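Student:
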Ligand SMILES: [Zn+2]
């Protein structure tokens, strides 16, 4: 019931977005880059002809993560074009959103492999609806004028906090700190160049691989959610401050007064070894776990055990058929176990030698 209600509410948010966008186009302060799914709107001073530094804001890369868009629409209505920076707003998977789904055929946020598919081993070739979306969005994200990408998401299961999540990259780290106040004080990261899923690529990975700051923010649990609205509004306020200035040469630097983010990394993934693998019910993001704690049951009936002390991230509770088997594609893992990252490790990742090298690492 709540799923249907959310889908109806989404339809009205999308109509509002289209009204605001058409109005901005009519006033000459925006142009459509793509006026159908995936919707892409460029907010800019239309008297300026050449491409300018461009900030890309992503929403609805996952269809049922409606929450951020609801805060973006009123912000967009009142937004004047920046004197020096173009803003590109993406509203990606409206077909999945209308059906209350994360995706129709395949997870869009795994399909941003570069144009040459042979660049990554095991690169997907055809994933139906989402492949079409990725084909439109990939050149927009990798355009030379893009100076930053901020992708707004929500978690599937409940979370006790919002958080940034991206592979470690100095400029992205600085951008996250710049956006953190009132938004999130936690970063989940991984060593520079390590793919989130080997052989696949998310939108932020594509942009970081080109050396530009790109971050994903998980703003709350999926759907319409007051915490998400409040935090998204805070993100947009910070972005507006950046849009009101010249885009800094050499990237955004962290504000002097900022406090550091609490940093975690994935230490282990509890494998999904077959369709009968199942987690105990009720795990939420950042739930603490102890080494040896039984988290569920594997496909063969063996216990699924946490190999470390830490915190859980992205517990999976997929749909099941009557026999209890996972209905649809198996998840890559049942849950991740996080550990804290020391300041020493982070300093190492910040060294110039630790540059972004996703392609070579994924091979
Ligand atoms: Zn998402």
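In the working numbering, the protein residues as written are 6 to 368.
A virtual CB, placed ideally from N, CA and C, is assigned to each residue, including glycine.
Here the structure is a predicted model, which means the values were calculated and not measured.
Would you check if the segment 225 to 237 and the segment 308 to 328 touch, i.e. whether three or more CB-CB distances between them fall below 8 Å?
Tutor: Touching, no, given that fewer than three Cβ pairs across the two stretches are closer than 8 Å.
Student: Which residue's Cα is closest to the Cα of residue 251: 332, 296, 86 and 310?
Tutor: Residue 86 is the option with its Cα nearest to residue 251.
Student: Residues in its own chain within less than 7 Å of residue 11 by CB, not counting five upstream and five downstream?
Tutor: Excluding positions up to five away in sequence, the list reads 71, 105, 228 and 229.
Student: When you compare the segment 129 to 139 with the segment 193 to 203, are there three or more beta-carbon pairs, one atom per stretch, that lie closer than 8 Å?
Tutor: In short, these stretches do not touch, since the Cβ pair count stays below three.
Student: Kindly examine ligand 1 and report whether one of its heavy atoms sits closer than 7 Å to the Cβ of residue 70.
Tutor: Answer for residue 70: yes, Cβ within range of ligand 1.
Student: Keeping to the same chain, check which residues put their C-beta closer than 6 Å to that of residue 5; ignore five residues upstream and five downstream.
Tutor: Residue 5 cannot be examined here, being either before or after the span of the chain that is shown, 6 to 368.
Student: Going by DSSP in three states, residue 40 sits in which element: helix, strand or coil?
Tutor: DSSP places residue 40 in coil when its eight states are reduced to three.
Student: Which residues does DSSP pair with residue 299 in a beta bridge?
Tutor: Note: residue 299 sits in a beta bridge opposite 310.
Student: Quick one, which of 13, 44 and 9 has its alpha-carbon nearest residue 25's?
Tutor: Nearest C-alpha to residue 25: 44.
Student: I'd like to know if residue 100 contacts chain D, where contact means its C-beta is closer than 8 Å to some C-beta of that chain.
Tutor: Among the protein chains of the structure shown there is no chain D, as only one such chain exists.
Student: Give me the DSSP bridge partner(s) of residue 63.
Tutor: Paired residue(s): 95 and 156.
Student: Looking at the unbroken beta strand (DSSP E) that takes in residue 315, where does it start and where does it end?
Tutor: Note, residue 315: beta strand (DSSP E), 315 to 318.
Student: Can you give the beta carbon distance from residue 164 to residue 245, rounded, assuming they're within the 8 Å contact cut?
Tutor: Not quite, the Cβ-Cβ distance comes to about 26 Å (not below 8 Å), so this is no contact.
Student: Who are the near neighbours of residue 100 in its chain, counting only those whose CB is closer than 8 Å to its CB and skipping five residues on each side?
Tutor: If we look at residue 100 and ignore the five residues flanking it on each side, its Cβ neighbours are 42, 68, 109 and 134.
Student: Residue 334: which of 291, 279 and 290 sits nearest, CA to CA?
Tutor: Residue 279 is the option with its Cα nearest to residue 334.
Student: I'd like to confirm something about residue 27: is its beta-carbon nearer than 7 Å to some heavy atom of ligand 1, or not?
Tutor: No, since every heavy atom of ligand 1 falls outside the 7 Å radius drawn around the Cβ of residue 27.
Student: On a CA-only basis, which of 289, 355 and 343 is nearest residue 161? Give me that one, please.
Tutor: For residue 161, the nearest C-alpha among the options comes from 289.
Student: Comparing alpha-carbon positions, which option in 255, 310, 203 and 111 lies nearest residue 179?
Tutor: Residue 179 has its Cα closest to that of 255, out of 255, 310, 203 and 111.
Student: Is residue 31 buried or exposed, if buried means 16 or more other CB atoms sit within 10 Å of its CB?
Tutor: Result: exposed.
Student: So residue 217 and residue 151 are supposed to be a Cβ contact under 8 Å. How far apart are they, rounded?
Tutor: The Cβ separation is near 6 Å, so the contact holds.
Student: So, with DSSP's three-state summary, where would you put residue 109?
Tutor: Coil, per DSSP.
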